[in-house]
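Reviewing the structure listed below.
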Amino acid sequence: MTTQIVYKEGTDYYVVDPSLPSSDLVFGLINHDNGTNYTPTTLRLSTPQVNMDTVKFPRNSKIFAVTRPGAAVQGSTWYYYDRISLSFYLQNYPEIDVEVPPGATTMQDLIPFFNETFNMGLTNADVRPDLIDFSPNAINRFTISTGSLAWQDSVLINVDAAKIDLAKVVGDDELDLINVVAEHPMTYGELYGYWTNTKPIGPVLVDVPMTTLADDTLARALTSVTGDFWTHEAKQSPMNLFNGKVLFNGRIVDQTEWPGNVDKGYMMVVNVDPTYCSEFQNPLVLYYNRVQGT
């Protein structure tokens, strides 16, 4: 569970609602710490700063504010208040494993995960757009931006993906399976690298059209050369190509979407339907020779 943020002043308790966006939450923090009663309609705020004089003003932040027309008292001044520490709020989570959504590249792409998991109201303005490091065992830090009105600090996170470059991963001569987990434009799921004539599969793959798979031709071909049991049936199974869609099939040099190794000639990219295929996430990727002997 997340830490409940409760302030106590005499017998007056003030509970912070972290699900509010900073633009709303900040007024509760300012009002509590300064005995005021401002709202977004009565007070215009600038960018917060770190308070360097905590002896005179025992708060971690300060912000310059100007009253709007209609405020009880007109004028401008600095307000000192405490922004919420992210590390303190999440102190009950020493290990934060983040489910990275497809296509995510920066920490701002992880905001929905934090908001849904920890009852927060973060926006892009609250989070630094640092790049996510997908390398194995990488240390990633989710950091609040200096301009966040209500939050500060950072937390370490574990991402669920390791970057694999399709241009470098090609498998063994016998079309061995390589399990990979990574982000587009790399890949999820399974990749087969084929570069041999002992078990030709290219003549089968080259004729598979770029559309939804109509039959079990690809499933039977994969089963015959990989040692894995692929099916094409309207029920869930570990490796099932039913309702799978071929996103690309042809010469690697003819496309730029998938960073395949051009020395390997041809590549097929297939998105499986997770309703029927339970073993892995998309896509399934294959390198192959078009015809035997080339």
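So the numbering used here is basically just the index in the sequence shown, starting at one, shifted up by 1421.
Beta carbons are placed, not taken as given, at the ideal position from N, Cα and C, and that holds for glycine.
Predicted model only: the values in this text are computed from it and were never measured.
Closest to residue i by C-alpha separation, out of the options, would be which residue?
i	options	result
residue 1483	1532, 1704, 1658 and 1451	1451
residue 1488	1458, 1665, 1508 and 1659	1458
residue 1465	1643, 1653 and 1447	1447
residue 1559	1547, 1579, 1572 and 1574	1579
residue 1634	1568, 1577 and 1661	1661
residue 1380	1498, 1538 and 1696	Limits of the chain in this structure are 1422 at one end and 1715 at the other, which puts residue 1380 out of reach.
residue 1546	1468, 1667 and 1525	1468
residue 1514	1700, 1575 and 1667	1575
residue 1530	1564, 1512 and 1507	1564
residue 1577	1533, 1512 and 1471	1512
residue 1537	1622, 1440, 1552 and 1623	1440
residue 1507	1539, 1479 and 1687	1539
Under a Cβ-count criterion, where at least 16 other Cβ atoms within 10 Å of its own Cβ denotes burial, should residue i be classed as buried or exposed?
i	result
residue 1562	exposed
residue 1504	buried
residue 1670	buried
residue 1449	buried
residue 1509	exposed
residue 1411	Missing from the structure shown is residue 1411; the chain here goes from 1422 to 1715 and no further.
residue 1523	exposed
residue 1495	exposed
residue 1443	buried
residue 1631	exposed
residue 1491	exposed
residue 1674	exposed
residue 1477	exposed
residue 1715	Residue confidence is low: residue 1715 scores 44 on pLDDT, short of 50, so the model does not pin down where it sits. No coordinate-derived value is stated.
residue 1525	buried
residue 1571	buried
residue 1623	buried
residue 1416	One cannot answer for residue 1416 here, as it falls past the ends of the chain, which runs 1422 to 1715.
Going by DSSP in three states, residue i sits in which element: helix, strand or coil?
i	result
residue 1641	helix
residue 1647	helix
residue 1671	strand
residue 1634	coil
residue 1693	coil
residue 1598	Any reading at residue 1598 needs caution, since the residue's pLDDT is 48, under 50, leaving its predicted position unreliable; the model's value is listed next. Strand.
residue 1666	strand
residue 1440	coil
residue 1455	helix
residue 1580	strand
residue 1683	helix
residue 1563	strand
residue 1570	coil
residue 1471	strand
residue 1625	helix
residue 1447	helix
residue 1659	coil
residue 1460	coil
residue 1465	strand
residue 1575	strand
Any alpha helix (DSSP H) of 4 or more consecutive residues that is wholly inside the stretch 1483-1557: 1507-1510 and 1532-1539
contact_flag[the stretch 1516-1534, the stretch 1491-1503] where n(CB pairs < 8 Å) is 3 or more: no
Contact the stretch 1675-1684 vs the stretch 1649-1661: 3+ CB pairs below 8 Å: Using a C-beta cut-off of 8 Å, the stretch 1675-1684 makes no contact with the stretch 1649-1661, since fewer than three inter-stretch Cβ pairs fall below that distance.
Segment contact, 8 Å Cβ cut-off, at least three pairs: the stretch 1688-1705 with the stretch 1625-1640: Yes: the two stretches touch, three or more of their Cβ pairs being nearer than 8 Å.
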